[in-house]
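One structure is given here, and the rest of the page talks about it.
Numbering (full-length UniProt numbering), first residue to last: 1 to 130.
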């Protein structure tokens, strides 16, 4: 009676502890994957920033701009995914900050592209008027 109940409770506790350990391992694996993804995105951003510092904006390819866009999407998804996991606040903050910086870079690039296109547009208008 009593010892069977204790054994049953002990078995349930062992099963729960095993589930907790499995979830903890899964969370750690996911966390490491997330950190790896963020590091890859950081390397991409640093690489693109170096390209911006060494070349004019006109040297950016559509593929470069797509990488910036994809990185922004990934950072946004990372933040949304981790919002439901306790203990990830620093990583969510980091992802949000990086996303804001990336968006600022994109806006700056787009502004430079627009500015570099203005003289050509004004030349076209002058030529059409002539």
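Even for Gly, the Cβ is constructed at its ideal location relative to N, Cα and C. Note that the coordinates shown come from a computational prediction; the quantities given were computed from them, not determined experimentally.
Per the Cβ contact rule, the segment 69-86 is in contact with the segment 99-114 (3 or more Cβ pairs under 8 Å). Residue 109 holds the alpha-carbon nearest to the alpha-carbon of residue 66 among 24, 109, 88 and 32. Going by DSSP, residue 76 is part of the alpha helix (DSSP H) stretching over 62-82. By the neighbour-count definition (other C-beta atoms within 10 Å, threshold 16), residue 88 is a buried residue.
By the Cβ-count criterion, residue 61 is exposed, with fewer than 16 other Cβ atoms from all chains shown falling within 10 Å of its own Cβ. Scanning its chain for C-beta atoms nearer than 8 Å, with the 5 sequence neighbours on each side dropped, one finds around residue 42 the residues 98, in chain order.
Residue 74 counts as buried, since no fewer than 16 other beta carbons sit within 10 angstroms of its beta carbon.
If you compare the alpha carbons of 28, 50, 3 and 92 with that of residue 105, the shortest gap goes to 50.
Within its own chain, the residues whose Cβ lies closer than 8 Å to the Cβ of residue 83, once the five positions on either side in sequence are excluded, are 92, listed in chain order. The residues 72, in chain order, have a CB closer than 7 Å to that of residue 103 in the same chain once the five nearest residues on each side in sequence are set aside.
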